[in-house]
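Participant: Numbering (the working numbering), first residue to last: 6 to 547.
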Amino acid sequence: IDLHPPLKDLETAQAARLTSPTKGNAVVYWMRMEDMRIHDNRALSKASELAKKENIPLVALFVISPHDYIAHDRGPRRIDFMLRNLRCIQTDLANLHIPLHVTTHTPRHTLPEYILSLMKDVGATQIFANIEYEVDELRRDIKLCELAKNEKFSAIFVHDKLIIQPDTLFTKANKPYTVYSPWQRNWLAMLNSDLAKYIGEAPGPSANDKSIHSNSKLSSLFDCKIPEKIDGFECQDGEVMAKIWPAGEDAAREMLRLFLFTKAQSSHIGVSDPLANAPEEQKGSKASRVLQYKDNRDKVDSNTTSRLSPYLASGVISARECVRGTLKVLGADKVQGTRDTAVGHWVQEVAWRDFYTHVMASFPRVSMGRTFLEKFDAVIWETNEEHFEAWKQGRTGVPIVDAAMRQLNTMGWMHNRPRMVAAMFLVKDLMIDWRLGERYFMEQLIDGDLASNNGGWQWSSSTGTDPQPYFRIMNPFNQSEKADPDGDYIRSFVPELRSVKSKDIHRPSTALAMKLNYPAPIIDHHKARDRAMRRFKNPGEN
Ligand code: FAD
């Protein structure tokens, strides 16, 4: 049994919308927390185009909706990042004489009525927004479409988040894909069939006429103050986060430039400011990180990946811009997207982001706490608070898992490999329900994205798409030796083990661990592996 995908209902509501409402006094662009940028933003671009055509001002709107953040387990870091980005956007828009009106609304189910009332306040009859693919968000937008229609207004929702929108790629049997590789081949072929359509840049917004400042209703929107914090989402390590993850489009673009075009750094891990430590410009002697991605991406002891996920998750940079960047690196007119090249390998990772959102849009149950493979709903989980707490704190006695969890707790981010190792350890070794891990990641991550996080957790717990339950039980000690051969990653995040110079760092003996005040492993990996195999083979049996 599955839910009817609400994306289809939004498409129906869009098809039935009023196409030419009467001209209003302004056009509204409703910015949401996944499209926090001015450049290459389709809804903003379309709203601006219309405002220009009708010769009326463009007004940007952002509604802080704490109930949505609670519903999606959004953590303080993600919310703080949102507020920091909003400040940058407000300044940039004000330079174009476009107000960004930021307001707060609860409860979440009356948001459509509230948006409608704000439209009426500014005299707008048309509103534009980029689509958010989560179930509740889609239902909210469907309701706004209907309310708008009753008022003879128009609400226009635009696909922007992904390179290829959901509901466009189907198997030969005309079904949504559930396996990544054939989906990705089709994705790449479609993308390369029309680059302008899929990764073409949306024009930036045109400036409003300065006369907007003499319109008393609209000019007051410029005075709006973005709150420093939101009750219940106070960020305890905001200063550290601002240093590691600076807000704003310039920072995001710089991050992309460093990854694509500057020569790789030898070592860059831990809590530090990636921009302050920017490497020298590439002089041709060494390749950039993207050009070394195929060989280095699984290494966690240096800065091997782009670290763009916080910016992509909040939409501070568009995925289109990232893929366009790869064309520039190669001087190519086709996107490379296969694993045999370094750049292609990176594009494949960007494609995973599309894939998991496609899965969520086609099978909405996955975002509602249910397994993709429903037979695994019956798997018996352990309830062990002590183990769960040890995992969260990074005190499991398995160094790579502890380093990973402490990286998450201090940076709000983790490299992909330790994410998989730590997730799989919780689910397969400790046999703790993946949903608890999914929620903890969401609460801590600055790049928390419902679809990618859910996809990552369901992949790690073999309950998702494309599973191989009997082979996919990672041995954390072997993973550690491969991903962090010299132990530098572990040393960065687990100070108790800093003095261990040998390979023992991957699996310290009980005596060594005791001497260093580091815990002994809380579980025997081999026994735990047998238990997981048994329980996944026969869901419902112990
Ligand atoms: P790069 O290697 O440089 O990749 C570029 C971009 O591609 C990333 O920024 C990201 O947007 C996308 N991407 C890469 N790998 C994946 C993937 N496996 N799935 C989806 N998108 C991907 N990613 C999130 O953005 N938000 C999450 O909440 C999230 N939760 C995860 C939970 C688990 C258990 C696992 C195993 C993975 C999760 N990921 C999540 C995916 C991945 O770990 C991160 O996107 C990646 O580590 C971010 O680092 P980067 O920007 O340097 O990635």
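No residue lacks a Cβ here, since even glycine has one placed at the ideal position from N, Cα and C.
Treat the numbers as computed from the prediction; the structure is a model and nothing was measured.
1. Based on Cα-Cα distance, which residue from 209, 414 and 96 lies nearest to residue 57?
2. So, using beta-carbon positions, are residue 433 and residue 478 closer together than 8 angstroms?
3. Cα separation between residue 14 and residue 147?
4. Does the contact criterion of 3 or more C-beta pairs under 8 angstroms hold for the segment 133-141 versus the segment 364-382?
5. Please return the same chain residues whose Cβ sits closer than 8 angstroms to the Cβ of residue 246, not counting the five positions on each side in sequence.
6. Use the C-beta contact count for residue 134: other C-beta atoms within 10 angstroms, 16 or more gives buried, fewer gives exposed.
7. Could you work out which residue in 70, 199 and 218 is closest to residue 64 when comparing CA atoms only?
8. Exposed or buried, what is residue 251 when buried is set at 16 or more other beta-carbons lying within 10 Å of its beta-carbon?
9. For the ligand FAD, is there any heavy atom lying closer than 7 angstroms to the beta carbon of residue 414?
10. Does the distance from the C-beta atom of residue 94 to that of residue 43 stay below 8 angstroms?
11. Apply the 10 Å Cβ neighbour rule to residue 186 and answer buried if 16 or more other Cβ atoms are within range, or exposed otherwise.
12. At a cut-off of 7 angstroms, would you count residue 425 as near the ligand FAD, judging by its Cβ distance to the nearest heavy atom?
13. From the DSSP output, in three-state form, read off residue 361 for me.
14. Could you have a look at residue 182 and say whether DSSP puts it in helix, strand or coil?
15. Could you check if residue 170 is buried or exposed, using at least 16 other CB atoms within 10 Å of its CB as the buried criterion?
16. Indicate the three-state DSSP secondary structure (helix, strand or coil) for residue 164 in the structure shown.
17. Compare the beta carbon distance of residue 429 and residue 540 with 8 angstroms and say whether it is the shorter of the two.
18. Three-state secondary structure (DSSP) at residue 129?
19. Can at least three beta-carbon pairs, one atom from the segment 189-207 and one from the segment 378-396, be found at a separation below 8 angstroms?
20. So, residue 427 versus residue 305, is the Cβ gap smaller than 8 angstroms?
21. In this structure, what does DSSP give as the bridge partners for residue 65?
22. On a Cα-Cα basis, can you pick out the residue from 520, 506, 384 and 27 that is closest to residue 542?
23. Give the straight-line distance between the Cα atoms of residue 408 and residue 105, rounded to the nearest whole angstrom.
24. Confirm the yes/no value for this check: CB of residue 40, any heavy atom of the ligand FAD, distance under 7 angstroms.
25. Please specify which runs of the alpha helix (DSSP H), each continuous and at least 4 residues long, are wholly inside the segment 473-510, giving them in chain order.
26. Relative to the ligand FAD, is the shortest distance from any of its heavy atoms to the C-beta of residue 461 smaller than 7 angstroms?
27. Tell me the start and end of each unbroken alpha helix (DSSP H) in the segment 138-164 that is at least 4 residues and wholly inside, in chain order.
28. With 8 angstroms as the threshold, decide whether the Cβ of residue 88 is near any Cβ in chain B.
29. By the 10 Å Cβ neighbour count, where 16 or more other Cβ atoms means buried, how is residue 129 classified, buried or exposed?
30. Would you mind sorting residue 505 into buried or exposed? The rule is 16 or more other CB atoms within 10 Å of its CB.
31. Quick one: is the Cβ of residue 313 within less than 7 angstroms of any heavy atom of the ligand FAD?
32. Applying the criterion that 16 or more other CB atoms from any shown protein chain within 10 Å of the CB defines a buried residue, is residue 490 buried or exposed?
Facilitator: Here's the rundown:
1. Residue numbering aside, residue 57 sits at position 52 when the sequence shown is read from its first letter. Of the candidates 209, 414 and 96, the residue whose Cα lies closest to the Cα of residue 57 is 209.
2. Here residue 433 corresponds to residue number 428 of the sequence shown, with the count starting at 1. Here residue 478 corresponds to residue number 473 of the sequence shown, with the count starting at 1. Contact flag set, yes.
3. Position 9 of the sequence shown, counting from 1, holds the residue named residue 14. Position 142 of the sequence shown, counting from 1, holds the residue named residue 147. Cα atoms of residue 14 and residue 147: separation of roughly 7 angstroms, rounded to the nearest angstrom.
4. Judged by pairs of C-beta atoms under 8 angstroms, the segment 133-141 touches the segment 364-382, as three or more such pairs exist.
5. On the sequence shown, residue 246 is found 241 positions in, with the first residue counted as 1. In chain order, 82, 85, 86, 240, 417 and 451 place their CB closer than 8 angstroms to the CB of residue 246, counting only its own chain and leaving out the 5 sequence neighbours on each side.
6. What you label residue 134 is simply residue 129 of the sequence shown in a count that begins at 1. Burial state of residue 134 is buried, judged by a 10 Å Cβ sphere holding 16 or more other Cβ atoms.
7. The residue you call residue 64 lines up with position 59 of the sequence shown. In terms of Cα proximity to residue 64, the closest of 70, 199 and 218 is 218.
8. For the purposes of this step, residue 251 is taken as the residue at position 246 of the sequence shown. Label assigned to residue 251: buried.
9. For the purposes of this step, residue 414 is taken as the residue at position 409 of the sequence shown. Closer than 7 angstroms to some heavy atom of the ligand FAD: that does not describe the Cβ of residue 414.
10. Here residue 94 refers to the residue found at position 89 of the sequence shown. Here residue 43 refers to the residue found at position 38 of the sequence shown. Yes, they are a contact pair.
11. Residue numbering aside, residue 186 sits at position 181 when the sequence shown is read from its first letter. The C-beta of residue 186 has fewer than 16 other C-beta atoms within 10 Å across all chains shown, which makes the residue exposed.
12. Translated into positions along the sequence shown, residue 425 becomes position 420. Checking the Cβ of residue 425 against the ligand FAD gives yes.
13. Here residue 361 refers to the residue found at position 356 of the sequence shown. The answer is helix: DSSP assigns residue 361 an H, G or I state.
14. For the purposes of this step, residue 182 is taken as the residue at position 177 of the sequence shown. Note: residue 182 maps to coil in three-state DSSP.
15. Within the sequence shown, the letter at position 165 stands for residue 170. Counting Cβ neighbours within 10 Å, residue 170 comes out buried, since at least 16 surround it.
16. Translated into the one-based positions of the sequence shown, residue 164 becomes position 159. Looking at residue 164 - three-state DSSP - the assignment turns out to be coil, as it is neither helix nor strand.
17. Against the sequence shown, residue 429 aligns to sequence position 424. Against the sequence shown, residue 540 aligns to sequence position 535. Taking 8 angstroms as the cut-off, the Cβ atoms of residue 429 and residue 540 do not count as close.
18. Counting from one through the sequence shown, the residue named residue 129 turns up at place 124. In the three-state scheme derived from DSSP, where H, G and I count as helix and E and B as strand, residue 129 is classed as strand.
19. Counting Cβ pairs under 8 angstroms, fewer than three are found: no touch.
20. As a working note, residue 427 is residue 422 in the sequence shown. As a working note, residue 305 is residue 300 in the sequence shown. Cβ distance not < 8 angstroms, so residue 427 and residue 305 don't count as in contact.
21. Against the sequence shown, residue 65 aligns to sequence position 60. Note: residue 65 sits in a beta bridge opposite 34 and 105.
22. Looking up residue 542 in the sequence shown gives position 537. Taking only the C-alpha atoms, the option nearest residue 542 is 384.
23. Indexing the sequence shown from 1 puts residue 408 at position 403. Indexing the sequence shown from 1 puts residue 105 at position 100. Taking the straight line from one Cα to the other gives about 41 angstroms.
24. Position 35 of the sequence shown, counted from the start, is the residue given in the question as residue 40. No, the Cβ of residue 40 stays beyond 7 angstroms of every heavy atom of the ligand FAD.
25. Counting only runs of 4 or more, we get 481-488 and 493-498.
26. Numbered from 1 along the sequence shown, position 456 holds the residue referred to as residue 461. Distance from the C-beta of residue 461 to the nearest heavy atom of the ligand FAD is below 7 angstroms.
27. Whole alpha helix (DSSP H) segments, 4+ residues: 140-155.
28. Absent from the structure: chain B. Only one protein chain is present.
29. Walking along the sequence shown from the start, residue 129 turns up at place 124. Under this definition residue 129 is a buried residue.
30. Mapped onto the sequence shown, residue 505 falls at position 500. By the neighbour-count rule (16 or more Cβ atoms within 10 Å), residue 505 is buried.
31. Numbered from its first residue, the sequence shown carries residue 313 at position 308. Indeed, a heavy atom of the ligand FAD lies less than 7 angstroms from the Cβ.
32. Here residue 490 refers to the residue found at position 485 when the sequence shown is read from its first residue. The residue is exposed, with fewer than 16 neighbouring Cβ atoms inside 10 Å.
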